[in-house]
Structures are given as structure tokens and as C-alpha cells.
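In my numbering, the protein residues as written are 16 to 261.
C-beta atoms are modelled at their ideal positions from N, C-alpha and C, and glycine is treated no differently.
Since we're looking at a predicted model, the values are computed, not measured.
Everything below concerns the one structure shown next.
Here's what the structure looks like:
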């Protein structure tokens with residue numbers, strides 16, 4: 016087995032958002048950085064990036080933040096935007112302030128619009144992000160839909176046909192599965208991610224989406240105990256479920 020990669024302590028902590036290298040050197044001189052309970056007095060020392068490092072390294076008595084390769088599941092609430100720059104509440108504002116300074120940065124895996132709630136993934140792993148959103152992966156997403164008007168009974172057939180054209184588009188949508196719950200509620204499962212796709216699909220058949228909530232990505236369900244606005248670090252097993260068949 017190859018040895019774990021090592022990195023300068025100040026570089027690691029700076030990339031995790033703990034401050035500038037000068038500030039981190041100050042933390043070390045103040046005895047605030049400990050590895051296995053032993054003070055690290057020189058922030059220029061190299062440290063092995065072992066998987067258990069966050070359990071062994073503490074900053075001011077608190078465990079080290081997750082290492083690069085972080086993947087989160089977040090229960091996005093309504094009224095919050097998936098953006099770094101737009102006005103108003105942003106999903107990144109739901110995370111610890113220090114995490115917004117990480118390098119590489121955390122990015123959303125796709126987007127949910129401001130008026131859509133539910134399961135949102137974020138990662139600093141660019142390869143993982145592109146693997147999830149790649150059309151080749153065909154990762155399915157399930158949305159719970161509440162409509163203004165009752166379903167006519169024809170929607171499931173129309174959506175599944177793979178021939179529905181959205182206004183302004185030049186190619187039809189891939190087949191979409193619709194499961195009826197009652198007259199005005201249903202679930203749709205799709206593998207594309209076109210702009211406002213679910214809302215535009217129902218507009219195309221003469222209806223209007225009143226509420227939209229995503230509760231599954233791939234084989235990963237939004238946990239019932241994850242409150243709106245809360246997030247959770249994903250295990251490797253949870254990431255693997257994203258690619259599992261629904």
C-alpha cells in the first residue's frame with residue numbers, strides 16, 4: 016500500500032478556509048493546533064493526509080473540517096438560490112462561513128431554482144460533479160409535484176413518449192416517468208436537467224406547477240430527519256447510492 020500524500024500544514028489549513036498562512040502560523044505558535052493531542056508548533060511542517068486526519072487533528076479544540084473530496088447532501092429550502100453571486104439568500108449561506116473559503120471551492124451539483132425545495136448535492140470534487148451531471152451517467156432525479164389543476168390522465172403517456180417538445184427547444188425531451196398520487200399531486204422521474212424542465216413540461220400540457228420538491232437523486236433519498244436548511248456530510252456509501260438504479 017502506498018504512503019499517504021503529505022502537505023504543508025499551513026497550506027492544508029489555508030485551503031480549508033482557516034485563514035491565511037500567516038494566521039495559521041499564529042495559531043500554531045499559540046498552541047491551538049494539535050495532532051493526537053500533541054501541539055504542532057510549526058505550521059510549515061508536512062502532514063500526511065490520512066483518511067482519519069479529521070479525527071486526530073484539532074484546531075482550538077475542535078475537530079478538523081473534512082478534507083478535500085467533500086460531498087454534502089443539503090435539504091434546500093424555498094427562497095434560497097443555488098449561486099455564489101446572486102442577490103438574496105444563497106445555499107452557500109447555509110454552510111459554515113469558513114467552508115465558503117475552501118480551495119477547491121464547494122459547488123452545487125446542478126441547481127434547484129429558488130422556488131424548488133429538496134435534495135441538493137454539493138462537492139469540491141470536480142470529477143465527481145461532472146460524473147453525476149454527465150448525460151452518459153443518466154442519473155435519475157425524482158420530483159414531487161403539486162399542480163394548480165387536476166391531472167387529465169394523459170400526462171403519463173405524453174411524458175413517457177419521448178416526443179414532448181418544450182417551447183424554444185430544438186429536440187424533444189427524453190422519456191419521463193410520471194406516478195400519480197392524487198388528482199393534483201404526482202411524482203416525476205427524469206434523467207435530463209433542462210432549464211425549469213418540470214415546470215415547462217406541465218405548462219406544455221396546460222397545467223401549472225404550484226409546488227416542486229426533489230426527494231431523490233439516483234438511488235439516494237432525502238433523509239426524513241434532514242430538516243430544511245440542514246446539511247450532512249456524505250459517506251462513500253451514500254455517494255455510491257447516487258449511481259445506483261432507482
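Helix, strand or coil for residue 26, going by three-state DSSP, please let me know.
The count along the chain shown starts at 1 and reaches residue 26 at position 11. DSSP places residue 26 within a helical segment (H, G or I) once states are collapsed to three.
Thinking C-beta only, is residue 245 closer than 8 Å to residue 145?
For the purposes of this step, residue 145 is identified with residue 130 of the chain shown, where counting begins at 1. For the purposes of this step, residue 245 is identified with residue 230 of the chain shown, where counting begins at 1. Against a cut-off of 8 Å, the Cβ pair of residue 245 and residue 145 comes out as no contact.
Within the continuous alpha helix (DSSP H) that includes residue 133, where are the two ends?
As a working note, residue 133 is residue 118 in the chain shown. Looking at the DSSP string, residue 133 is not in any alpha helix (DSSP H); the run it does join, the beta strand (DSSP E), is 131–138.
Just tell me which of 94, 224, 227, 253 has its CA closest to the CA of residue 238.
Taking the chain shown and counting its residues from 1, the one referred to as residue 238 is at position 223. For the residues 94, 224, 227, 253, the minimum Cα distance to residue 238 belongs to 253.
Using the three-state DSSP reduction, which class does residue 88 fall into: helix, strand or coil?
The sequence position of residue 88 within the chain shown is 73, counting from 1. Of the three classes helix, strand and coil, the one that applies to residue 88 here is strand, per DSSP.
Nearest neighbour of residue 169, chosen from 141, 75, 102, 216 [CA to CA]:
Start at 1 with the first residue of the chain shown, and residue 169 comes out as number 154. Looking at the Cα atoms, 216 is the closest of the given residues.
Coarse secondary structure for residue 63, derived from DSSP in three states:
Working through the chain shown from its first residue, we reach residue 63 at position 48. In the structure shown, residue 63 sits in a strand (DSSP, three-state: E or B).
I need the DSSP call for residue 162, collapsed to helix, strand or coil.
Counted from its first residue, the chain shown places residue 162 at position 147. If DSSP states are grouped into helix, strand and coil, residue 162 belongs with the strands.
Could you please give the first and the last residue of the uninterrupted beta strand (DSSP E) stretch that includes residue 196?
Here residue 196 is taken as the residue at index 181 of the chain shown, counted from 1. First-last of the beta strand (DSSP E) with residue 196: 192–197.
With residue 215 as the anchor, note down where its alpha helix (DSSP H) starts and where it stops.
Here residue 215 corresponds to residue number 200 of the chain shown, with the count starting at 1. From DSSP, the alpha helix (DSSP H) with residue 215 extends over 212–219.
Give a yes or no on whether the C-beta atoms belonging to residue 131 and residue 229 are separated by under 8 Å.
One-based indexing of the chain shown puts residue 131 at position 116. One-based indexing of the chain shown puts residue 229 at position 214. Yes, the Cβ-Cβ distance between residue 131 and residue 229 is below 8 Å.
Drop a sphere of 10 angstroms on the beta-carbon of residue 180, count the other beta-carbons inside from all chains shown, and report buried for 16 or more, exposed for fewer.
Here the question's residue 180 lines up with position 165 in the chain shown. Exposed is the call here.
Beta carbon of residue 203 nearer than 8 Å to that of residue 234
Taking the first residue of the chain shown as position 1, residue 203 is located at position 188. Taking the first residue of the chain shown as position 1, residue 234 is located at position 219. No, these two residues do not count as a Cβ contact at 8 Å.
With a 10 Å radius around its C-beta and 16 neighbouring C-beta atoms as the bar for buried, classify residue 20 as buried or exposed.
Taking the first residue of the chain shown as 1, we reach residue 20 at position 5. The residue in question, residue 20, is exposed, as its Cβ has fewer than 16 Cβ neighbours within 10 Å.
Thinking C-alpha only, which one of 240, 167, 82 is nearest residue 22?
Residue 22 sits at position 7 when you count from the first residue of the chain shown. Taking only the C-alpha atoms, the option nearest residue 22 is 82.
So, helix, strand or coil for residue 126, using DSSP?
For this step, residue 126 is matched to residue 111 along the chain shown. Note: residue 126 maps to coil in three-state DSSP.
Does the distance from the CB of residue 49 to the CB of residue 73 come in under 8 Å?
Here the question's residue 49 lines up with position 34 in the chain shown. Here the question's residue 73 lines up with position 58 in the chain shown. Against a cut-off of 8 Å, the Cβ pair of residue 73 and residue 49 comes out as a contact.
Should residue 197 be labelled buried (16 or more other beta-carbon atoms within 10 Å of its own) or exposed?
To locate residue 197, count along the chain shown from 1; it is residue 182. Residue 197 comes out exposed.
Output yes or no for whether 8 Å exceeds the beta carbon distance between residue 232 and residue 136.
Here residue 232 is taken as the residue at index 217 of the chain shown, counted from 1. Here residue 136 is taken as the residue at index 121 of the chain shown, counted from 1. Contact flag set, yes.
Beta-carbon contacts of residue 148 that lie in its chain and below 8 Å, excluding the five residues immediately before and after
In the chain shown, residue 148 corresponds to position 133, counting from 1. Same-chain partners within the cutoff: 124, 125, 154, 208.
Element boundaries [alpha helix (DSSP H), containing residue 57]:
Working through the chain shown from its first residue, we reach residue 57 at position 42. Per DSSP, residue 57 lies in no alpha helix (DSSP H) and is assigned neither H nor E.
What's the gap between the Cα of residue 84 and the Cα of residue 164?
The residue labelled residue 84 in the question sits at position 69 within the chain shown. The residue labelled residue 164 in the question sits at position 149 within the chain shown. Cα-Cα distance, rounded: 44 Å.
Residue 47 by DSSP, collapsed to three states: which one?
Position 32 of the chain shown, counted from the first residue, corresponds to residue 47. Coil.
Taking its Cβ as the centre, do 16 or more other Cβ atoms sit within 10 Å of residue 67, making it buried, or is it exposed?
Position 52 of the chain shown, counted from the first residue, corresponds to residue 67. Around the beta-carbon of residue 67, fewer than 16 other beta-carbon atoms lie within 10 Å, marking it exposed.
Count the other C-beta atoms from every protein chain shown that fall within 10 angstroms of the C-beta of residue 75, then say buried if there are 16 or more, exposed otherwise.
By 1-based counting over the chain shown, the position of residue 75 is 60. Around the CB of residue 75, fewer than 16 other CB atoms lie within 10 Å, so the residue is classed as exposed.
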